[in-house]
Amino acid sequence: MSEPVPVRPSRYECQKRRDWRSFHEYLTNHRPPLSLDRCSGAHVLEFLRHVDRSGKTRVHVSTCPFFGCPAPPAPCPCPLRQAWGSLDSLIGRLRAAYEEAGGPKETNPFATRAVRLYLRGVRDSQARARGISYKAKKKKNHNKGFMNVDEITKMPLEDEMRVCEGQDLRLFQGCNGNFGIGMGLFGQMMSDTVLYGVGIGTYRL
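Using the working numbering, the first residue of the sequence shown is number 3, and each one after it goes up by one.
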């Protein structure tokens, strides 16, 4: 009987383990040394400031002529820092590793308000210094304006036929109510039109 092939950990898991080892090294080298159960949000902030010194992102100071410029035309002596996104991802991995190691969620030092405020401050200051925006894009609601099956089935048949003419067809899998069940084709239109089907089953068209 062949032995099971070991599952290779994902890139995320590998990075999380490296981050967790780095944090344990920080606790060991701390003066005085710290144990994990005595670690607080203040110690996490110390660790973040330590990590920040090895960053590779140029963050312009307020007196720099390129302050607020997203694409500086020339080099400048401004300090290198960890990008906000890198710090935010690091805290996310450490927060998960802490709880996976048995740490209680309620006292997770990586989830304290002080850490959240620190990351927010880094995000806002780097956005101003680098002339970029970290605002998340709103997801488009692709279903906005579409009619559901109940609305469609209440329409007169002649209206359904009228709005369905000339519309594109797309694959669908499964359909309820008067639109049958099975694999077929359907068109998807905006709110002044309807969903319709052609395929296996009984349809109103």
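Glycine included, C-beta positions come from ideal geometry on N, C-alpha and C. If you're wondering where the values come from, they're calculated on a predicted model, not measured in any experiment.
{"Item": "Span separating the alpha-carbon of S56 from that of F49", "Value": "12 Å"}
{"Item": "G133 vs P75 beta-carbon contact at 7 Å", "Value": "no"}
{"Item": "Assigned exposure category for Y100 - 16 Cβ within 10 Å defines buried", "Value": "buried"}
{"Item": "Cut-off 6 Å between Cβ atoms - residues of its own chain near K18, not counting five sequence neighbours on either side", "Value": "R95 and A99"}
{"Item": "Euclidean distance between Cα positions of R172 and R10", "Value": "With a pLDDT of only 38 at R172, under the threshold of 50, the placement of this residue in the model should not be trusted; the figure read from the coordinates follows. Taking the straight line from one Cα to the other gives about 39 Å."}
{"Item": "Simplified DSSP assignment, three categories, for T65", "Value": "coil"}
{"Item": "Complete runs of the alpha helix (DSSP H) confined to the segment 14–60 [at least 4 residues]", "Value": "43–54"}
{"Item": "Residue environment, V61, which counts as buried when at least 16 other CB atoms sit within 10 Å", "Value": "buried"}
{"Item": "Beta-bridge partners of R83, as assigned by DSSP", "Value": "T59"}
{"Item": "Spatial distance of G105 from E15 (CA atoms)", "Value": "18 Å"}
{"Item": "Assigned secondary structure, A99 (DSSP; H/G/I helix, E/B strand, else coil)", "Value": "helix"}
{"Item": "C-beta contact flag for R83 and D54 at 7 Å", "Value": "yes"}
{"Item": "Nearest to D90 (by Cα), restricted to the options P34, H32, L121 and N110", "Value": "L121"}
{"Item": "Neighbourhood of H45 by C-beta, 7 Å cutoff - its chain only, sequence neighbours within 5 removed", "Value": "L36 and P111"}
{"Item": "Coil, strand or helix - A212 by DSSP", "Value": "In this structure the chain extends from 3 to 207, so residue 212 is not present and cannot be described."}
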